[in-house]
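In the working numbering, the protein residues as written are 1 to 197.
Cβ atoms here follow ideal geometry from the backbone N, Cα and C, with glycine treated the same way.
Below is one structure, written out as structure tokens, with a few remarks after it.
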């Protein structure tokens, strides 16, 4: 068993074996030969065609990859679940990563921000952020150069170094407990640094 196998697994939230999801993954891979080209197509689809729940003030709240694809919307966490699923459906190892960021300005409170790590044959692990671009946010797929949505600049913010195969429980709890984008925005998940290890 390879150490990458857990990053190819089908699960409740990264449910890449869902028929609709597999079909979309195949569409995105069509005509593309190498893993980087397929990964870029999947990334661009999630970044540009799945609406960020807060940016678009869109319901319903989604969590699993298939829900995100069905409804075309999700918070960053949910969008990262969909990207991981599309990649895994194409046999490209993909995991989940998190940053801890200030919610506004440069002061607490903090919240987690969800993104992905993709294992590319020519580059190894490469982080991408498909939350969706807007004014002040320009996330790109340019391996090996990382271009995420948010830099770590304020005291208390952090890049969490782990690559998870499954979403953190606090993420799932938030997305399953609250039923509107506004309720999620008022209860964004956070963890104390070190608590997730």
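| field | Distance CB(residue 69)-CB(residue 118) smaller than 8 angstroms | value | no
| task | Use the C-beta contact count for residue 142: other C-beta atoms within 10 angstroms, 16 or more gives buried, fewer gives exposed. | result | exposed
| task | Can you grab the Cα-Cα spacing for the pair residue 126 / residue 45, in whole Å? | result | Approximately 18 angstroms, taken between the alpha carbons.
| query | Which same chain residues, not among the five before or five after residue 99, have their C-beta less than 6 angstroms away from its C-beta? | reply | 113, 159
| So, is residue 56 buried or exposed, given that buried needs 16 or more other C-beta atoms within 10 angstroms? | Exposure of residue 56 is indicated by the presence of fewer than 16 other C-beta atoms within 10 angstroms of its C-beta.
| In the structure shown, what three-state DSSP assignment does residue 197 receive? | Low confidence applies to residue 197: its pLDDT is 45, below 50, so where it sits in the model is not reliable, and the reading given next is rough at best. Of the three classes helix, strand and coil, the one that applies to residue 197 here is coil, per DSSP.
| residue 94 to residue 82 span [Cα, whole Å] | 11 angstroms
| query | Rounded to a whole number of angstroms, what is the C-alpha to C-alpha distance between residue 193 and residue 30? | reply | 41 angstroms
| Neighbourhood of residue 176 by C-beta, 7 angstroms cutoff - its chain only, sequence neighbours within 5 removed | Closer than 7 angstroms at Cβ, skipping near neighbours: 63.
| said: Considering only their Cβ atoms, is the gap separating residue 66 from residue 20 smaller than 8 angstroms? | reply: yes
| request: Report the rounded CA-to-CA distance for residue 199 versus residue 26, giving the unit in angstroms. | output: Here the chain has residues from 1 to 197 only, and residue 199 is not among them.
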